[in-house]
Every structure is written in C-alpha cells, then in structure tokens.
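Residue numbers (our numbering): 63 to 284.
Notes follow the structure.
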C-alpha cells in the first residue's frame, strides 16, 4: 500500500504528501484553479501528483513565476470538464491524483511548459518533460537557477514563524469585508499586505490543519 508520512516542520507539511489511502475515486466537472498545482473539481480540492508549482507569492528572479503558473493552469482547464483519478489524501484533506482534460495530463503539461517542477523527492515522473523545458528555457526556466517551490516554502515559513506574535504560528487568519474567514500562509500572494486585528476576531494559526479545523479556508492562490 502506498503510504508516505508528511514531512512537517513546526506545523508546515512540506509538499503535503499522501497520508491516507482511499478507494480509487474519480471526480469530474468544471475546474476552478486554486494555484499552479491544485484544482477544485466537483466540490473537492485535488493536488496534482508528481509536480510542485511555484507558490502564488513566489518570484523566480524578476519573473512572477507563481502567478504565471496559476494562470497557465487556468488556461489549460478553461472551457471543458476535468477528470481526476485519486487514491489518497494529503495532510490538508485534499485528494491527490492525476487530472486530465480532453485526455491531456495536466501535471505533465505543466512541467512540459515550464510552469512546474518534478517533485523529485518522491519520484521522477515527468523527468523527460522537465529536462526539455529546462533546455528550452520555458516558463520558470527563463530565470537563472529558480528556487524550487519546496525550498521557497521552507524559507518563508522559517522567517515568518520567527517573528510571528504567536511564536511558531505564522499563518494569518483574516476576515474579509463579507465576513468570510480566510487564512494566508507565509508563501501566499497577499501574506505581506494582510494585517491581523484580534479585535475583529482575526487570529494567528500554527498550521493549515488548525485553521481548517476552525472553519477558515485558504486564500485563493495559496
């Protein structure tokens, strides 16, 4: 049985690895893009297996590679149904699977177009596609030595955790103008500009799991 424990440091699960085996599940429907490697289909969030895309708040040199990755995946899913085959969930309760649209493997395409890296810590699927994208300087490979997303997350988490008002708990729980509870990780797009007001019921969290358990959702593009 395929089961891998998540690597967690002070509440940060790097890569959100599989934590629970499921009976094979298929979800199909229009997809809403959460970020460069996550979609929401039929009410379920699905993390694309085998790849790691730049975080929304990540730049690769002067390139806004995180934003570019999210937009590229949005173009790939636009105008048709997406089908995801999943057999596990990750530390955040998302399905983990391979998603296709019109027979195109979205994870493979993201790597081939240079908007995601192979998650080599856990395998070398799509290795040939990454090699070709790097050679042709596509997407994030236009930058010189782009930082892998897993390293970016770890560095941002460590820096923010050290200075958070709640020691070791850098996730910002914000309430927007409509009263929706949204949390921002240190590597999300609007983290730095988000201000927390405890008087309004806003708060800090130590992990995404804690935030979700309290009824907060991730910011779009987190």
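Note that beta-carbon positions come from the ideal geometry of N, C-alpha and C, so glycine has one too.
This structure is a prediction, so every number in the text was calculated from the model and none was measured.
Considering residue i, what are the terminal residues of the beta strand (DSSP E) in which it resides?
i: residue 123; result: Note, residue 123: premise wrong, no beta strand (DSSP E); not H, not E.
At the level of alpha carbons, what is the spacing between residue i and residue j?
i: residue 254; j: residue 214; result: 15 Å
i: residue 73; j: residue 157; result: Below a pLDDT of 50, predicted positions are generally treated as unreliable, and residue 73, at 39, falls in that range; no measurement from the model is reported.
i: residue 89; j: residue 222; result: 36 Å
i: residue 217; j: residue 174; result: 26 Å
i: residue 117; j: residue 128; result: 5 Å
i: residue 189; j: residue 122; result: 20 Å
i: residue 146; j: residue 166; result: 11 Å
i: residue 80; j: residue 204; result: At residue 80, the pLDDT of 49 sits below 50, so the modelled position is not reliable; the number obtained from the coordinates is stated separately. Taking the straight line joining both Cα atoms gives about 31 Å.
i: residue 101; j: residue 160; result: 11 Å
i: residue 259; j: residue 276; result: 17 Å
i: residue 132; j: residue 85; result: 29 Å
i: residue 186; j: residue 112; result: 8 Å
i: residue 220; j: residue 200; result: 30 Å
i: residue 209; j: residue 178; result: 11 Å
i: residue 272; j: residue 152; result: 15 Å
i: residue 104; j: residue 144; result: 10 Å
i: residue 266; j: residue 197; result: 42 Å
i: residue 240; j: residue 130; result: 28 Å
i: residue 171; j: residue 137; result: 12 Å
i: residue 93; j: residue 278; result: 21 Å
i: residue 233; j: residue 140; result: 31 Å
i: residue 224; j: residue 191; result: 38 Å
i: residue 235; j: residue 226; result: 12 Å
i: residue 134; j: residue 195; result: 15 Å
i: residue 150; j: residue 91; result: 19 Å
i: residue 206; j: residue 98; result: 20 Å
i: residue 268; j: residue 176; result: 32 Å
Alpha helix (DSSP H) containing residue i: first to last residue?
i: residue 149; result: No alpha helix (DSSP H) contains residue 149, which is instead part of the beta strand (DSSP E) from 143-152.
i: residue 265; result: Looking at the DSSP string, residue 265 is not in any alpha helix (DSSP H); the run it does join, the beta strand (DSSP E), is 265-267.
i: residue 274; result: 270-275
Give me the DSSP bridge partner(s) of residue i.
i: residue 167; result: 162
i: residue 100; result: 97, 109
i: residue 279; result: 244
i: residue 89; result: 146
i: residue 138; result: None, per the DSSP bridge assignment.
Sort the options by Cα distance to residue i and report the nearest one.
i: residue 228; options: 162, 264, 193, 239; result: 264
i: residue 155; options: 224, 239, 107, 233; result: 107
i: residue 183; options: 271, 125, 114; result: 114
i: residue 202; options: 142, 125, 274, 181; result: 125
i: residue 250; options: 282, 199, 148; result: 282
i: residue 119; options: 164, 212, 206; result: 212
i: residue 243; options: 149, 171, 231, 270; result: 270
i: residue 252; options: 194, 280, 168; result: 280
i: residue 162; options: 142, 268, 150; result: 142
i: residue 237; options: 262, 193, 91; result: 262
i: residue 181; options: 149, 247, 150, 109; result: 109
i: residue 148; options: 231, 87, 193; result: 87
Is any heavy atom in the ligand SAM found nearer than 7 Å to the beta carbon of residue i?
i: residue 246; result: Inclusion of the ligand SAM in the displayed structure is not the case, the ligand content being empty and no account of it being possible.
Review point. What runs of the alpha helix (DSSP H), each 4 residues or longer, lie entirely inside the region 171-253?
Key: 189-197, 211-225
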